[in-house]
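Notes follow the structure.
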């Protein structure tokens, strides 16, 4: 799916903002309001409460700073949704992605890996499927 460039979208909105019909009055958007708006997919605030507010006791064997930061959010996500795999569109989800990279680089301790595995943490992201999957093989299995 293609995404439009913000400048193109703004110019299109500006060009159609003054269009009128024979039966309705003109609807004009101020050009300053169009240019002051920005679109982002990022949350400005964390999805979950920070560690200080959750009173979650972090196990002493967790030494990785990223895991220390995201662990309370993972537990909160598990209590709400039944899993610890936080979506990537959040700051906590990005930290989970970082944990996956650290795991691949063998930068997590054995205890940290066991803890996350025990929580059924998904070590590969769903986005990795596009790089890892053999679609010809999958198509062949579907056709059979």
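Numbering (mature numbering (1 follows the signal peptide of the UniProt record, and there is no 0)), first residue to last: -22 to -1, 1 to 122.
Glycine included, C-beta positions come from ideal geometry on N, C-alpha and C.
message = Please return the same chain residues whose Cβ sits closer than 7 Å to the Cβ of residue 53, not counting the five positions on each side in sequence.
response = The beta carbon of residue 53 sits closer than 7 Å to the beta carbons of 34 from its chain, once the five residues preceding and following it are set aside; these are given in chain order.
query = So residue 62 and residue 97 are in contact, right, with Cβ under 8 Å, and what is the actual spacing, rounded?
reply = Yes, they are in contact, since the Cβ atoms of residue 62 and residue 97 sit about 5 Å apart, within 8 Å.
Where the alpha helix (DSSP H) containing residue 44 begins and where it ends = Looking at the DSSP string, the run of the alpha helix (DSSP H) that includes residue 44 is 43 to 59.
message = Could you tell me the alpha carbon to alpha carbon distance between residue 84 and residue 122, rounded to whole angstroms?
response = In this structure, the alpha-carbon of residue 84 lies about 39 Å from that of residue 122.
query = Helix or strand or just coil, what does DSSP make of residue 90?
reply = Helix, per DSSP.
inquiry  = Please report the straight-line C-alpha distance between residue 40 and residue 67, rounded to a whole angstrom.
reply    = Taking the straight line from one Cα to the other gives about 25 Å.
ask   = Which residue from 90, 64 and 117 puts its Cα closest to that of residue 46?
value = Ranking 90, 64 and 117 by CA distance to the CA of residue 46 puts 90 first.
request  = Name the residue from 113, 87, 86 and 78 whose alpha carbon lies nearest to the alpha carbon of residue 99.
outcome  = Ranking the options by Cα distance to residue 99, first place goes to 78.
inquiry  = Helix, strand or coil, according to DSSP, for residue 70 in the structure here?
reply    = Three-state result, residue 70: helix.
message = On the DSSP letters alone, give me the boundaries of the alpha helix (DSSP H) that residue 112 sits inside.
response = From DSSP, residue 112 is part of no alpha helix (DSSP H); its letter is neither H nor E.
query = Count the other CB atoms within 10 Å of the CB of residue 88; is the residue buried (16 or more) or exposed (fewer)?
reply = Exposed.
Given residue 70 as reference, the closest of 80, 55, 81 and 59 once Cα atoms are compared = The shortest C-alpha to C-alpha distance from residue 70 to any of 80, 55, 81 and 59 is the one to 55.
query = How many angstroms separate the CA atom of residue 76 from the CA atom of residue 102?
reply = When rounded, the distance between both Cα atoms is 11 Å.
ask   = Do you know offhand how far residue 51's Cα is from residue 64's?
value = Taking the Cα positions, residue 51 is about 8 Å away from residue 64.
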